[in-house]
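Since the structure comes first, as structure tokens, the remarks are kept for the end.
Numbering (mature numbering (1 follows the signal peptide of the UniProt record, and there is no 0)), first residue to last: -24 to -1, 1 to 237.
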């Protein structure tokens, strides 16, 4: 009798030990139904991917959210809503969205941007933007006569910056006294660039310059060699851009290969 009792206790102890991990996997029991911890883990991962830190307070909020969802799901199931046409249609859309997202994630994992690709893209950027940068100021007005009057006024001693603040139709630079800051000459419209690069440092256009925006009075304040960011400073942005380009091409290729009738 003693032997049987002892063996029964041992068996109970072993069964209890085996049951512990199963219980540990549950976040809670709602109306007798186990809620697995994995649901909270999925939500935590989504929060982490967004860049937010998962604090103890947020972790508790996630737990409460998972429990609330289980309560609401149980009620919806009681009412038979899983059988509705609307539910089934939305579930199908959700399934498609998740599956497509997994496809794109899988593609990106297997087609990561390489350092060589980033270097090549950076070299193209440098080649396109190397050269000189110009620090220019301008006053933009609607009519040629206005621009001519401004040039005459400045020649008589009027201050370029003061006139720009009062009369320039370019709100951004006008508020700064006409200052356009440093820029590549190619960043301006052709007529503006053509007039700008002909100026000597500190000099102003002697006749108004017409563009699609109106009439400009342009002054060249300074010139320097282009100040380009180092590769390490822009590497993350280049990598992201190249990854987006790869994904876009992958999508285009799939569309091109698909037989649509």
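Glycine is no exception: its CB is placed at the ideal position from the N, C-alpha and C atoms.
Model, not experiment: these values are computed from the prediction.
- The DSSP assignment places complete alpha helix (DSSP H) segments of no fewer than 4 residues inside the region 179 to 236 at 207 to 233, in order along the chain.
- Inter-residue distance for residue 159 and residue 20 is about 44 Å (C-alpha atoms, whole angstroms).
- Assignment of residue 110 by DSSP, reduced to helix, strand and coil, places it in the strand class.
- Classified as exposed, residue 47 has fewer than 16 neighbouring CB atoms from the shown chains inside 10 Å of its CB.
- Separation of residue 177 and residue 34 (C-alpha to C-alpha, rounded to the nearest whole angstrom) is 58 Å.
- Annotation: residue 134 to residue 168 spans about 23 Å, alpha carbon to alpha carbon.
- By a beta-carbon distance limit of 8 Å, residue 170 does not contact residue 108. Their separation comes to about 15 Å.
- For the pair residue 222 and residue 86, the CB atoms are not nearer than the 7 Å cut-off.
- For residue 155, DSSP records a beta bridge to 113.
- By alpha-carbon distance to residue 6, the top candidate from 49, 38, 22 and 18 is 49.
- Per DSSP, residue 102 is one residue of the alpha helix (DSSP H) stretching across 91 to 105.
- Here residue 166 is not near residue 150, since their CB atoms are 7 Å or more apart.
- Of 233, 128, 231 and 214, the smallest CA-CA separation from residue 99 is found for 214.
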